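FYI, in our numbering the residues of the sequence shown are 25 to 724.
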Amino acid sequence: KIKLVIFYVLQVPAERVPAEEVEAVLAAWKTNPGKFPRPRKREHPILPQENLRNILVTSALPYVNNVPHLGNIIGCVLSADVFSRFSRLRNYNVLYICGTDEYGTATETKAMEEGVTPKEICDKYNVLHSKIYKWFDIDFDFFGRTTTQQQTEIAQDIFWKLHKRGYIQKDSVDQLHCTKCDKFLADRFVEGTCPMCNFDDARGDQCDGCGKLINAVELKNPKCKTCKSSPVIRNSHHLFLDLPKVSHLDKVFEAGTWTHNAKVITSSWIRDGLKPRCISRDLKWGTPVPLEGYTDKVFYVWYDAPIGYISITANYTSEWKKWWKNHKQVEFYNFLGKDNVPFHSVIFPACLLGADDDYTVVKHMIATEYLNYEDTKFSKSRNTGVFGDQAEDTGIKADIYRFYLLYVRPESQDTAFSWDDFQLKNNGELLNNLGNFINRALMFLSNSFGGIMQEIHETDDDLQLLALITRELKSYIHHLENCRLRDGIRNILTISRLGNQYMQANKPWVLAKGSAEEKKRAGSVVSLCAEVSCLLSVLLQPYMPSTSAIIQEQLHAPPTINVITGDFLAFLPPGHKIGTPSPLFQKIENATISELKLKFAGKPEDKPQPKKITNSATNINGLLAPRLENIPGNSVDVDKLNQAVTDQGLKVRELKAAKADKSVVDAEVATLLQLKKDLASAQGQNPDAATTGKKKGKKK
């Protein structure tokens with residue numbers, strides 16, 4: 025292991041950065057501290073301002089009726105938190121809103137299970153969710169809930185505007201009615217066998233086996249969830265949103281950052297033809313429908329829930345319209361899982377556009393794929409996987425979970441939480457790479473120079489380091505501006521890797537024992553490393569906020585450093601005294617991992633046998649299938665693979681252009697080659713031929 029680490033550290037880029045690029049980097053490095061940008065002061069309530077980039081960030085409202093697992097957390101709130109924190113570091117005017125989604129059948133069924141009222145369920149789980157997100161250091165500007173008067177007023181106001189403009193239809197539908205309970209059964213009050221895949225535990229709105237949307241009356245052998253008796257089909261009157269009539273919906277998708285899955289899912293809905301969508305339900309727990317003749321019904325959760333973003337903002341500030349009726353000044357980012365895409369990309373925008381009240385409509389939709397647990401799915405009933413209220417009990421800090429979840433964030437394909445990989449990333453990337461560099465540099469500065477920053481005399485090699493780090497910094501900004509959060513982590517790790525290489529090449533521990541000139545050089549080297557550590561503390565802040573704060577405390581860094589520009593600036597002047605260094609990370613032992621595997625493995629006899637999910641780029645089959653069932657043949661796989669090859673090729677080119685570490689480039693090239701083979705296989709071609717083409721200019 026020691027040999028591998030040393031080889032890893034000694035990797036150096038083969039090509040040098042051009043002189044003109046170095047000159048620009050040096051000019052920025054020499055900037056007078058008095059001209060450094062300062063962090064904007066944030067005061068609540070945060071409102072849009074002229075001449076600033078105003079960003080409204082929301083993450084999909086978590087259902088209040090259950091405990092979120094790690095997949096839920098990375099799918100929305102954690103991803104949005106990283107982007108929100110990054111936006112603050114960029115001095116953007118950003119507001120991050122979230123809260124619990126509390127209405128609907130899911131809440132009613134949970135209340136029945138626990139023998140309490142829906143309100144009691146909501147109160148209990150809202151507190152639980154808040155506690156979990158606080159432990160994970162999710163920094164909402166406001167975390168609210170949907171069971172408020174503002175929700176009722178705004179949802180009903182939008183309904184009346186849609187009704188006035190002719191976008192609400194009345195129709196009757198066949199619905200399951202339980203004669204024993206004497207009531208119509210909303211989707212989740214019905215269970216049965218899926219008519220498409222024969223999964224025997226499908227709900228009345230969606231099948232968890234194949235992921236497809238279904239109507240409750242289509243279920244085979246339906247049963248009332250309350251009394252288990254067989255319901256009968258009866259006619260019920262309902263209200264429908266006339267989606268085909270809402271004009272200009274296509275304009276929502278013309279600009280902004282949309283993940284590939286969000287684009288594909290949305291396009292498939294529009295391509296296949298929009299249909300009227302029922303927005304009422306025969307329930308008691310929900311926002312009341314105000315139209316005469318329908319006042320015994322409530323709004324369907326997928327009409328009602330997204331309006332929660334607006335009502336929660338209204339609970340945050342009475343001036344909520346400055347965010348939500350200000351589409352010219354406000355950029356709306358929505359973070360969510362792929363299963364929620366059509367409701368946020370089609371139905372919610374259609375309601376806002378149809379209301380014709382100058383609403384701010386989503387411009388950027390950032391959807392993740394699924395995070396699974398080891399070789400199966402998270403399941404609370406089977407005690408499989410780590411849930412939010414269990415993570416703290418493992419004794420592992422929240423920042424380590426944040427790092428790993430973002431490292432394996434399912435951006436273009438399903439990934440899996442793996443304890444073995446978790447250990448590998450902690451002990452390798454965090455402990456041996458990032459932590460090793462920062463602790464070595466600060467300990468040496470403390471022990472050999474009394475913790476006092478020395479004058480930095482830049483050599484050619486120093487300037488090359490500054491230039492390479494600046495490239496990574498600019499790449500980091502590009503990635504996070506485009507919500508490619510996984511790539512941002514890799515930029516951070518590459519910077520610390522460059523720092524380790526620099527320390528190893530210059531050997532300040534040897535120089536410090538030599539002549540006065542050599543000792544002076546040692547001080548310059550470790551002081552430059554302290555500056556790199558300072559930059560890393562800022563770049564880490566969106567990902568690992570507590571670790572970032574610890575590094576800045578050890579550096580005694582001024583709060584003014586917390587601004588990200590495209591330049592590497594020297595924030596720690598000669599004579600600055602750092603604090604007391606200490607290790608940032610701890611090794612996770614094999615015994616600990618074995619215990620955690622056993623604890624969260626669940627019940628073997630109850631576990632399903634799904635296809636094994638890996639974190640390699642080769643696992644592409646089945647992606648987006650739940651929402652793309654209407655695309656013929658295997659076009660989903662081919663299209664997805666084509667996009668994956670394109671994205672990976674771009675990534676490789678960017679790494680090569682940035683003169684990234686050879687080992688990193690080689691690993692990404694290997695991923696690209698494998699993707700090309702997978703694409704060839706999906707197209708019925710010879711996979712080996714896809715990676716053995718002739719190179720231009722070469723003769724065989």
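Cβ atoms here follow ideal geometry from the backbone N, Cα and C, with glycine treated the same way.
All of these numbers come straight from a predicted model, not from anything done at the bench.
query: Flag this pair as yes or no: are the beta carbons of residue 93 and residue 402 separated by less than 8 Å?; result: yes
query: What residue from 561, 114 and 550 has the CA that sits closest to residue 76's CA?; result: 114
query: Where residue 117 and residue 472 are concerned, what is the direct C-alpha to C-alpha distance, given to the nearest angstrom?; result: 43 Å
query: How would you label residue 362, buried or exposed, when you count the other beta carbons within 10 angstroms and need 16 or more for buried?; result: buried
query: According to the Cβ coordinates, are residue 477 and residue 596 closer than 8 Å?; result: yes
query: Give every residue of the same chain whose Cβ lies closer than 7 Å to the Cβ of residue 693, excluding the five residues on either side of it in the sequence, and list them in chain order.; result: 676
query: Return yes when the Cβ of residue 71 is within less than 8 Å of the Cβ of residue 343, no when it is not.; result: yes
query: By Cβ distance below 6 Å, which residues in the same chain neighbour residue 134 in space, the five residues on each side in sequence not counted?; result: 89 and 145
query: So, using beta-carbon positions, are residue 411 and residue 669 closer together than 8 Å?; result: no
query: Would you mind reading off the limits of the alpha helix (DSSP H) that contains residue 532?; result: 532-535
query: Using the C-alpha atoms, what's the distance from residue 235 back to residue 634?; result: A caution first: residue 634 carries a pLDDT of 40, below 50, which makes its placement in the model unreliable, though a value can still be read off. Looking at the two C-alpha atoms, the distance is approximately 14 Å.
query: Near residue 178, what residues of its chain come up, given a Cβ to Cβ distance below 8 Å and the 5 sequence neighbours on each side ignored?; result: 331, 334, 335 and 338
query: How would you label residue 39, buried or exposed, when you count the other beta carbons within 10 angstroms and need 16 or more for buried?; result: exposed
query: Using a 10 Å radius around the Cβ and a threshold of 16 neighbouring Cβ atoms, would you call residue 221 buried or exposed?; result: exposed
query: Can you grab the Cα-Cα spacing for the pair residue 533 / residue 474, in whole Å?; result: 15 Å
query: Would you decide whether residue 257 is buried or exposed? Buried here means 16 or more other CB atoms lie within 10 Å of its CB.; result: exposed
query: Please classify residue 162: does DSSP put it in a helix, a strand, or coil?; result: coil
query: Measure from the alpha carbon of residue 206 to the alpha carbon of each residue in 130, 255, 185 and 433, then state which is nearest.; result: 255
query: Are the beta-carbon atoms belonging to residue 210 and residue 328 less than 8 Å from one another?; result: no
query: Rounded to whole angstroms, what's the CA-CA distance from residue 569 to residue 98? Just pull it up for me.; result: 16 Å
query: Can you grab the Cα-Cα spacing for the pair residue 359 / residue 82, in whole Å?; result: 6 Å
query: Is residue 375 helix, strand or coil by DSSP?; result: helix
query: Between residue 264 and residue 193, which are expected to be in contact by the criterion C-beta below 8 Å, what is the C-beta distance as a whole number of angstroms?; result: 4 Å
query: Pop quiz: residue 588 and residue 516 are said to be a contact at Cβ under 8 Å. What is the actual Cβ separation, rounded to whole angstroms?; result: Actually they are not in contact, since the Cβ atoms of residue 588 and residue 516 sit about 12 Å apart, beyond 8 Å.
query: With 16 other CB atoms within 10 Å as the buried threshold, where does residue 464 fall?; result: buried
query: From which residue to which residue does the beta strand (DSSP E) around residue 246 run?; result: 244-248
query: I believe residue 102 touches residue 514 by the beta-carbon criterion, under 8 Å. Please report the beta-carbon distance rounded to the nearest angstrom.; result: Between residue 514 and residue 102 the Cβ distance is about 17 Å, and since that is not below 8 Å, they are no contact.
query: Which of the three DSSP states, helix, strand or coil, is assigned to residue 627?; result: coil
query: Taking just the CA atoms, how far does residue 157 sit from residue 696?; result: 36 Å
query: Do you know how far the Cα of residue 456 is from the Cα of residue 26?; result: Any reading at residue 26 must be qualified, since the residue scores a pLDDT of 37, below 50, and its modelled position is unreliable; no value is offered.
query: Would the stretch 277-297 and the stretch 240-251 be scored as touching if the rule is three or more Cβ pairs under 8 Å?; result: no
query: If you compare alpha carbons, which of 161, 590 and 406 is closest to residue 60?; result: 590
query: If you drop the 5 nearest sequence neighbours on each side, which residues of the same chain put their C-beta closer than 7 Å to that of residue 567?; result: 106, 426, 427, 430 and 513
query: Just the C-alpha distance for residue 138 and residue 148, rounded to the nearest angstrom, thanks.; result: 11 Å
query: Considering only the alpha carbon of each residue, which of 269, 230 and 492 lies closest to residue 370?; result: 269
query: Just checking, does the stretch 603-612 make contact with the stretch 574-587 on the three C-beta pairs under 8 Å criterion?; result: yes
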